[in-house]
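The sequence shown begins at 12 in the numbering used here and counts up one residue at a time. So the structure is just underneath, and the comments pick up after that.
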Amino acid sequence: MRSRSLLIAGAGVAILPLSATAQTTAAVLDHGDTAWMIVASMLVLMMTIPGAALFYGGMVRAKNLLSVMMQCFAITALVTVLWMLYGYSLAFSTEGMHAGVTNWHSFIGGLDRVLLAGLKPDTLYQTVPESVFVMFQLTFAIITPVLIIGAYAERMKFSAMLWFSGLWLTFVYLPVAHMVWSGPGSLLGDLGVLDFAGGTVVHINAGIAGLVACLVIGKRRGWPQTHMPPHNLGYTVIGASLLWLGWFGFNAGSAVAANGSAGMAMLVTQIATAAAAIGWVAVEWAIHKRASVLGIASGAVAGLVAITPAAGTAGPAGALLIGFVAGTVCFFTATRLKHKLGYDDTLDVFGVHAIAGIIGALLTGPFAAPKLGGFGTVTSPLLQLWIQAKGVGFTIIWSAVLSWGILKLLDRTIGLRVDAEQEQMGLDIAEHEERAYNLT
């Protein structure tokens, strides 16, 4: 019988080669699992177009709406092609990997799956077609560089954005995804880092890159002296709502099955998101004596981010606490920290995604323990917290150093930023010669 691979649950699914004996009990196609994973893939793609496009688009000034939507759309197309060419192979190939052995392939996958070599209609991962798993993971690879857009919105050249997104995917996202999710022999996987659906791989990774990007490219002209309010919070609320809905595909889909793990992931995602929205609004109310629409939407996103790494192991009580902590802390990092430190993170990618991702990744450790209501195999919450901290620290350093290098390279070659006149007229006209609103 031809050798197969089996995946265990999680968006970071470990690829385990089956022995000749085990092949006789290899899983067969499950129609229910397959149907759910097809739906989950569509839900996660919806998080980018139109979810993130509307969420981010509503928060920028009207003259930059189309540029943000174009960036989301273009990244979706670019990453899809790169994923097919080599991305899936570098992220999920297990060539040369051995449990407990650290080598080159602990950091990056092989090239045996370039151009999706070996992919056939009947190739299975766990109980779903491999093609469905390839598509599901593609949607994660798409949304991660899209998240970074919010940090440099309203001032990066479209050409520079495309180069940055492609290079960042290649040298930052794919190795981190491999180190966390590719199974025995992966660097952070062997270390024992828990990341069910992307706390480190997606949110910390993107959030740190966003901070580096806004520092390298510089502040928007006029910020913070000039008030730059969102031009259409209605779009932002619709986008946040689509993100909330799509996140069920993100988290519950990471079980790679229609089972109890998916059901619990869905429930804890809802609980954490609600708790974070309430936490953000509670702090806002206490300080400003009002609750803002942008605040409750931002709080909800913070909760979605924070529960992501813990969705497969935390119980309802743990999810409630993780969400509430993320919502309250991110209020301060998104509204106060950037003004205090003076960096112009346009749409608070660092303040929400990096910070909530760090909170969630750290708290995943203790709240995976059954003694704290979790469903993991953690016996020492403090030890797992230390393991999670090492994974967080490694991801921060990896993303920061490589993102800085890519941005500096592009700045010295093609240039990162539009000129002052183009920034003043807005990127819709300057970069695309189109307007979002033609009112005449």
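In this text, a Cβ means the ideal position worked out from N, Cα and C, and glycines have one as well.
Contact annotation: residue 389 and residue 395 have beta-carbon atoms nearer than 8 Å. Taking 4 residues as the shortest admissible run, the stretch 296–340 contains the following complete alpha helix (DSSP H) segments, listed from N- to C-terminal end: 304–318.
Remark: C-beta atoms of residue 338 and residue 282 do not approach each other more closely than 8 Å. At a Cβ-Cβ threshold of 8 Å, residue 223 and residue 427 do not count as neighbours. A straight line joining the alpha-carbon of residue 278 with that of residue 141 spans about 27 Å. Setting aside the 5 residues that flank it on each side, residue 295 is surrounded in the same chain by 301, 302, 303, 306 and 342, each with a C-beta closer than 8 Å to its C-beta; the list follows chain order.
Annotated three-state conformation of residue 167 is strand, per DSSP. Excluding sequence positions up to five before and after residue 291, its CB lies within less than 6 Å of the CB of 306, 310, 338 and 342, all in the same chain and listed in chain order. The stretch 66–75 and the stretch 110–129 do not touch, with fewer than 3 CB-CB distances between them shorter than 8 Å. Looking at the DSSP output, residue 241 shares a beta bridge with no other residue. Closest in C-alpha terms to residue 157, from the list 44, 60 and 192, comes 60.
Counting only residues of its own chain and dropping the five nearest sequence neighbours on each side, residue 134 has a CB closer than 6 Å to the CB of 141. In the displayed model, residue 235 falls within coil according to three-state DSSP, outside both helix and strand. The same chain holds no residue with a CB closer than 6 Å to that of residue 449 once the five nearest residues on each side in sequence are set aside. When DSSP states are grouped into helix, strand and coil, residue 135 belongs to the strand group. For residue 47 and residue 264, the gap between their C-alpha atoms comes out near 8 Å.
When beta bridges are read from the DSSP output, residue 428 appears opposite 167. Separation of residue 166 and residue 55 (C-alpha to C-alpha, rounded to the nearest whole angstrom) is 27 Å. The Cβ atoms of residue 137 and residue 267 lie closer than 8 Å to each other. Its Cα nearest to that of residue 312, the residue 340 stands out among 398, 376, 127 and 340. Beyond the five residues adjoining it in sequence on each side, residue 443 comes within less than 8 Å, by CB distance, of 77, 78, 81 and 169 in the same chain, given in chain order. Residue environment analysis places residue 216 among the buried positions, since at least 16 neighbouring C-beta atoms fall within 10 angstroms of its C-beta. Cα atoms of residue 228 and residue 89: separation of roughly 22 Å, rounded to the nearest angstrom. Among the bridge pairs identified by DSSP, residue 140 is matched with 135. With contacts defined as CB atoms closer than 8 Å, residue 114 and residue 438 fail to qualify as a contacting pair. Distance from residue 202 to residue 401 at the Cβ level is roughly 6 Å; contact confirmed, criterion being Cβ atoms closer than 8 Å. Looking at the backbone, the Cα of residue 441 and that of residue 353 are separated by about 27 Å. DSSP places residue 264 in the helix class (H, G or I) of the three-state scheme. For residue 66, the secondary structure class from DSSP, reduced to helix, strand or coil, is helix.
Taking a C-beta distance under 8 Å as the contact criterion, residue 109 and residue 196 qualify as a contact pair. Under the DSSP assignment, residue 81 falls in the alpha helix (DSSP H) whose first and last residues are 76–93. Scanning the stretch 147–192 for uninterrupted alpha helix (DSSP H) segments of 4 residues or longer gives 169–179 and 185–192, listed from N- to C-terminal end. A check of alpha carbon separations from residue 45 across 143, 116 and 73 identifies 143 as the nearest.
Distance from the CA of residue 384 to the CA of residue 410, rounded to the nearest whole angstrom, comes to 32 Å. Residue 382 has its alpha-carbon roughly 38 Å from the corresponding atom of residue 349.
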